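These notes are about the structure you will find just below.
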Amino acid sequence: MFEWLGENWWALWLTAFLAFAVIEMITLDLFFIMLGGGSLAALVADFAGAEPWLQVVIFCVVSLLMVAFVRPVALSHLKKGPAEQRTNVDRLIGEPAVVMEAVTSDGGLVKIGGDIWSARSAAGVLPAGQKVVVAAIDGATAVVSVPPTAVAGPDTA
């Protein structure tokens, strides 16, 4: 077996590439795919007739160059957009909601947009039908509070 592998380094590089690709799919870190790129470069070197020691050097150099230069550029493209732009559940903070089932500090249900969320009250008991505002998201639970009411005062306009 080792004799066959010694004569067929392409199988080692192909296996390494596939392993790195699977690990990358699990981690989504853009690190292991760079090592996979080094494996592909070594695979090409093997097909070009390079000695095994040179294939290992090519793997190391290409992998290091990709981690040092390609990964930062790829990560910056993934994180494009304004820094203040909220995503996912962060967008729900400040959104109006309606209490579906009385909400206490221990739990309850609210409807945010079209979705039903488990909720906790920031202060006091909130009855069903009460309009509230999402103050925070704690895991899969919305922390809600009564929206601040406008202070009624004399019209100065």
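Note that the numbering used here has the sequence shown beginning at 3, numbered continuously upward. No residue lacks a Cβ here, since even glycine has one placed at the ideal position from N, Cα and C. The model shown is predicted, which means the values in this text are computed figures rather than measured ones.
Residue i - DSSP class collapsed to helix/strand/coil
i	result
Ala-130	coil
Ala-76	helix
Ala-52	coil
Phe-61	helix
Asn-90	helix
Leu-45	helix
Trp-12	helix
Leu-32	coil
Residue environment, residue i, which counts as buried when at least 16 other CB atoms sit within 10 Å
i	result
Ser-78	exposed
Asp-117	exposed
Ser-1	The structure shown does not extend to residue 1, since the chain spans only 3 to 159, so no value can be given for it.
Val-64	buried
Trp-6	exposed
Rounded distance between the beta-carbons of residue j and residue i, thought under 8 Å
i	j	result
Leu-56	Trp-12	Not quite, the Cβ-Cβ distance comes to about 14 Å (not below 8 Å), so this is no contact.
Gly-40	Phe-61	4 Å
Phe-33	Arg-93	So it is not a contact: roughly 29 Å between Cβ atoms.
Gly-109	Val-135	The pair is not a contact, with the Cβ atoms about 18 Å apart (cut-off 8 Å).
Residue j beta carbon less than 8 Å from that of residue i
i	j	result
Val-101	Ala-138	no
Leu-128	Ala-144	no
Ser-147	Ala-121	no
Asp-69	Met-27	A small correction: the amino acid at residue 69 is Val; Asp does not occupy that position in the sequence shown. No, they are not a contact pair.
Subject >> Ordered list of beta strand (DSSP E) runs contained in the stretch 93 to 148, each at least 3 residues >> reply: Runs of the beta strand (DSSP E) spanning 3 or more residues and lying entirely within the stretch 93 to 148 occur at 98 to 103, 111 to 114, 117 to 123, 133 to 140, 143 to 147, in chain order.
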